[in-house]
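Below is one structure, written out as structure tokens; the observations come after it.
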Amino acid sequence: MVSTKLQETFTPMEIEKVSLQFKGSETLSFGCAAVLASETEMAFKQVKCGIQTIKRKGKPVQLNVTLSGHAKTGTIRKIFGLSNEGLKPGVYSYDGDSSSGDFVLTADVIDDFDEVTKIIAFPKCTSETGLQFTVDKTADEFQAVEYSFTAMFTDINGKLRAYVEAFTDEVDEGTLETWHTAFTPELVSATELP
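In structure tokens:
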């Protein structure tokens, strides 16, 4: 049942069910996600009088997303574009043609205080970095690996959007069931434009 009550507070405490949906491929679970962060990159236009700024307006260009954790092998290969094309079964390579295809990044963000879950989506992402790894045999604990993505704007119901969110009790069951497996702009679009 969809709640009509507005969620007034939300304390993000945990992240779960992180998935990546690559175009033309199955949905991949990220693995163990520890930290998800997003920061908007802005572009500014301004008017100056001499050296002093008298007007300034900013617009978002893209979101820079960082995800830290322990990713599954298949997910890492897909993020960085490793392939076994032309190689024996079980052998993968990173080469000059390796690249991350665009993907949808979704996750559940949980507020344990109010027992509320927010589902989030970055509908059009790409990896910001190439293949990277470190092996440290002196380490007692394996550190989470940081992955950097760019969340670009994509058309959702006639407007460019780079991030979408909803509280689980404020959306219908159909949206909840397909959010992490088959997210599309149509999934979150109103049937009628306002």
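With positions in the sequence shown counted from 1, the corresponding number in the numbering used here is that position plus 1. Quick reminder that beta carbons are idealized off the backbone N, C-alpha and C, glycines included.
- In the displayed model, Gly159 falls within coil according to three-state DSSP, outside both helix and strand.
- The straight-line gap separating the alpha-carbon atoms of Phe184 and Lys24 is approximately 11 Å.
- Runs of the beta strand (DSSP E) lying entirely within the stretch 2-77, each at least 3 residues long, are 15-23, 28-30, 32-50 and 53-72 in chain order.
- Check the Cα spacing between Thr76 and each of Lys119, Thr118 and Ser26: the tightest is with Ser26.
- In the structure shown, the three-state DSSP call for Glu147 is strand.
- The C-alpha of Lys79 is placed about 19 Å away from the C-alpha of Asn65.
- Ranked by Cα distance from Ser149, the options Ala38, Val165, Thr74 and Pro124 are led by Ala38.
- By the CB criterion at 8 Å, Ser69 and Val36 fall inside the cutoff.
- Ala152 is bridged by DSSP to Leu64 and Cys126.
- Residue range Phe104 to Asp112 is occupied by the beta strand (DSSP E) that includes Leu106.
- Taking 8 Å as the cut-off, the Cβ atoms of Ile111 and Met14 count as close.
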